[in-house]
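Asker:
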Amino acid sequence: MNEDGDSSPTDGSAADTLRDGHERAAIPDDVEAPGPAWLRALGRFGIGVARHAGRSAILIAATVRALGQPRRYLHETFVQAKRIGVDSLGLVILVAALSGAVLAQQTGYQFTTLPMWVVGEGVVSGMITELGPVLTAIILAGRVGAGMGAELGTMRVTDQIDALRTLNRDPVLELIVPRVLAGIIVMIPLVVLANAAGIFSGWLTGITLLPMTTHQYVYGARAIYHSAQLVLSLVKALAFGFAVSFIGCYVGIQAQGGAAGVGRTTTNAVVSIIVAIMVLDVLLAPIYRAVS
Numbered sequence: 006m007n008e009d010g011d012s013s014p015t016d017g018s019a020a021d022t023l024r025d026g027h028e029r030a031a032i033p034d035d036v037e038a039p040g041p042a043w044l045r046a047l048g049r050f051g052i053g054v055a056r057h058a059g060r061s062a063i064l065i066a067a068t069v070r071a072l073g074q075p076r077r078y079l080h081e082t083f084v085q086a087k088r089i090g091v092d093s094l095g096l097v098i099l100v101a102a103l104s105g106a107v108l109a110q111q112t113g114y115q116f117t118t119l120p121m122w123v124v125g126e127g128v129v130s131g132m133i134t135e136l137g138p139v140l141t142a143i144i145l146a147g148r149v150g151a152g153m154g155a156e157l158g159t160m161r162v163t164d165q166i167d168a169l170r171t172l173n174r175d176p177v178l179e180l181i182v183p184r185v186l187a188g189i190i191v192m193i194p195l196v197v198l199a200n201a202a203g204i205f206s207g208w209l210t211g212i213t214l215l216p217m218t219t220h221q222y223v224y225g226a227r228a229i230y231h232s233a234q235l236v237l238s239l240v241k242a243l244a245f246g247f248a249v250s251f252i253g254c255y256v257g258i259q260a261q262g263g264a265a266g267v268g269r270t271t272t273n274a275v276v277s278i279i280v281a282i283m284v285l286d287v288l289l290a291p292i293y294r295a296v297s
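In terms of my numbering, the sequence shown has 103 at position 98, counting the first letter as 1, and numbering is strictly consecutive.
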């Protein structure tokens with residue numbers, strides 16, 4: 006970024022680097038590597054993983070550099086936060102409430118030989134540590150991640166991103182940074198509300214359909230609750246929020262091939278985000294054991 010606040014050629018070409026790097030290093034299709042087919046497939050997979058890791062690192066670095074100019078992305082960040090958070094709130098609460106109701110019923114029916122306060126334990130622990138963050142992230146993957154991938158993919162194939170660069174405007178600063186920040190910011194309140202909706206729904210289902218009292222539910226909830234569960238839930242919210250928004254943007258800016266390419270980009274964005282959520286969920290599980 007120069008003294009006048011304009012984008013430097015390096016900053017402006019970050020998005021192009023992600024897509025064009027493969028074209029410069031591509032191996033012709035008619036060249037077949039020696040060795041068994043499974044080994045070639047494994048090699049292609051490894052190269053693909055390394056390529057995407059490198060491109061992701063380039064985009065993350067460009068995003069971090071752009072954070073030093075908040076006046077140029079704050080307004081758009083608030084716009085994206087409304088689109089991601091407010092417009093998704095109803096669906097998140099509905100799914101979380103239904104999940105809490107199912108969890109309460111399954112716990113009550115499976116553990117019939119145990120006291121009913123285990124329903125409170127199961128619902129609170131399950132919602133805060135797993136179902137609340139994971140289901141919220143999956144909902145946003147289908148609703149927000151797909152939208153980001155399709156929107157940015159359309160801008161890519163119609164050369165709108167190149168047009169921004171022609172006007173000496175940084176696509177990363179104007180398109181990527183607001184969406185990534187908004188995804189991280191709104192995920193925390195969404196997860197908190199999802200947890201609350203699931204716990205409330207579990208209580209309502211328990212006192213309505215199970216031989217359980219409010220006192221038993223509260224007793225079980227207080228017996229199992231630990232501050233480490235809330236820490237884990239919030240850490241997952243931050244990680245999942247970044248994964249949903251960043252992967253949606255990353256996949257979108259690599260779209261090519263017209264309308265069909267945008268369709269593939271949308272599908273790839275959703276699949277990639279869900280896989281990333283599951284991987285992060287596994288990797289973050291030891292946090293609970295470490296802080297509890």
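We put the beta carbon where it would ideally sit given N, CA and C, even for glycine.
1) Taking DSSP as the reference, what is the three-state secondary structure of Met1?
2) Just how far apart, CA to CA, sit Thr134 and Leu195?
3) Just checking, does the stretch 220 to 232 make contact with the stretch 256 to 271 on the three C-beta pairs under 8 Å criterion?
4) Report the residue from Phe247, Val129, Phe251 whose alpha carbon sits nearest the alpha carbon of Thr112.
5) Quick one: Cα of Gly137 to Cα of Leu145, how far?
6) Would Ala106 and Ser250 qualify as a contact pair, given that the criterion is a beta-carbon distance under 8 Å?
7) Where Thr159 and Ala274 are concerned, what is the direct C-alpha to C-alpha distance, given to the nearest angstrom?
8) Tell me which residues share the same chain as Trp122 and place their Cβ nearer than 6 Å to its Cβ, disregarding the 5 neighbours each side in the sequence.
9) Quick one: give me the first and last residue of the alpha helix (DSSP H) that Pro183 is part of.
10) Val100: which of Ile143, Gly51, Arg161, Leu288 sits nearest, CA to CA?
11) Can you tell me whether DSSP reads Gln111 as helix, strand or coil?
12) By DSSP, does Ala30 sit in helix, in strand, or in coil?
13) For the pair the stretch 179 to 188 and the stretch 74 to 84, tell me if three or more CB-CB distances fall below 8 Å.
14) What does a CB cutoff of less than 6 Å around Gly202 pick up in its chain, not counting 5 residues either side in sequence?
15) Could you check the C-alpha separation between Leu289 and Leu172 for me, to the nearest Å?
16) Tell whether a beta-carbon distance below 8 Å holds between Leu285 and Ala244.
17) On a CA-only basis, which of Val287, Arg269, Ala62 is nearest Ala151? Give me that one, please.
18) Just verifying my parser: in three-state terms, what is the DSSP assignment at Tyr222?
19) Across the stretch 164 to 171 and the stretch 50 to 66, are there enough close Cβ pairs to call them in contact, namely three or more that are closer than 8 Å?
20) As an exercise, report each continuous beta strand (DSSP E) stretch of at least 3 residues that is fully enclosed by the stretch 150 to 185, in chain order.
21) Measure the beta-carbon distance from Gln74 to Arg161 and round it to whole angstroms, keeping in mind my assumption that it falls under 8 Å.
22) Alpha carbon to alpha carbon, what distance is there between Val276 and Pro176?
Answerer: Result, derived from the coordinates:
1) Because the chain here runs from 6 to 297, residue 1 falls outside it and cannot be looked at.
2) Position 129 of the sequence shown, counting from 1, holds the residue named residue 134. Position 190 of the sequence shown, counting from 1, holds the residue named residue 195. Approximately 14 Å, taken between the alpha carbons.
3) Taking a cut-off of 8 Å on C-beta distances, the stretch 220 to 232 does not touch the stretch 256 to 271, as fewer than three cross pairs fall below it.
4) On the sequence shown, position 107 is the one that residue 112 refers to. Of all alpha-carbon atoms in Phe247, Val129, Phe251, the one lying nearest the alpha-carbon of Thr112 is that of Val129.
5) Position 132 of the sequence shown, counting from 1, holds the residue named residue 137. Position 140 of the sequence shown, counting from 1, holds the residue named residue 145. Whole-angstrom Cα-Cα distance: 12 Å.
6) Within the sequence shown, the letter at position 101 stands for residue 106. Within the sequence shown, the letter at position 245 stands for residue 250. Going by C-beta atoms, Ala106 is not nearer than 8 Å to Ser250.
7) Counting from one through the sequence shown, the residue named residue 159 turns up at place 154. Counting from one through the sequence shown, the residue named residue 274 turns up at place 269. Each residue's Cα considered, the two are about 14 Å apart.
8) The residue labelled residue 122 in the question sits at position 117 within the sequence shown. Taking C-beta separations shorter than 6 Å and ignoring five residues to either side along the sequence, the partners of Trp122 in its chain run Gln221, Tyr224, Gly225, following chain order.
9) For this step, residue 183 is matched to residue 178 along the sequence shown. Run containing Pro183: 182 to 214, per the alpha helix (DSSP H) assignment.
10) As a first step, residue 100 is located in the sequence shown; it is residue number 95 there, counting from the start. Check the Cα spacing between Val100 and each of Ile143, Gly51, Arg161, Leu288: the tightest is with Ile143.
11) What you label residue 111 is simply residue 106 of the sequence shown in a count that begins at 1. Residue state, collapsed to three classes: helix.
12) By one-based count along the sequence shown, residue 30 stands at place 25. Low confidence applies to Ala30: its pLDDT is 49, below 50, so where it sits in the model is not reliable, and the reading given next is rough at best. Ala30 falls in the helix class under three-state DSSP.
13) Here the stretch 179 to 188 lies against the stretch 74 to 84, with 3 or more beta-carbon pairs under 8 Å apart.
14) By one-based count along the sequence shown, residue 202 stands at place 197. A quick correction: the sequence has Ala, not Gly, at residue 202. Once the five neighbours on either side are set aside, the close Cβ partners of Ala202 are Ile98, Ala101, Ala102.
15) For the purposes of this step, residue 289 is identified with residue 284 of the sequence shown, where counting begins at 1. For the purposes of this step, residue 172 is identified with residue 167 of the sequence shown, where counting begins at 1. Cα-Cα distance, rounded: 42 Å.
16) Taking the sequence shown and counting its residues from 1, the one referred to as residue 285 is at position 280. Taking the sequence shown and counting its residues from 1, the one referred to as residue 244 is at position 239. In this structure, Leu285 lies near Ala244, with their beta-carbon atoms less than 8 Å apart.
17) The sequence position of residue 151 within the sequence shown is 146, counting from 1. Checking every option, the nearest Cα to that of Ala151 belongs to Arg269.
18) For the purposes of this step, residue 222 is taken as the residue at position 217 of the sequence shown. Of the three classes helix, strand and coil, the one that applies to Tyr222 here is helix, per DSSP.
19) Contact between the stretch 164 to 171 and the stretch 50 to 66 is not established, with fewer than three Cβ pairs separated by less than 8 Å.
20) Along the length of the stretch 150 to 185, whole beta strand (DSSP E) runs at least 3 residues long do not occur.
21) As a first step, residue 74 must be located in the sequence shown, where it is residue number 69. As a first step, residue 161 must be located in the sequence shown, where it is residue number 156. With a Cβ gap of about 23 Å, Gln74 and Arg161 do not count as contacting.
22) The count along the sequence shown starts at 1 and reaches residue 176 at position 171. The count along the sequence shown starts at 1 and reaches residue 276 at position 271. Roughly 25 Å between the two C-alpha positions.
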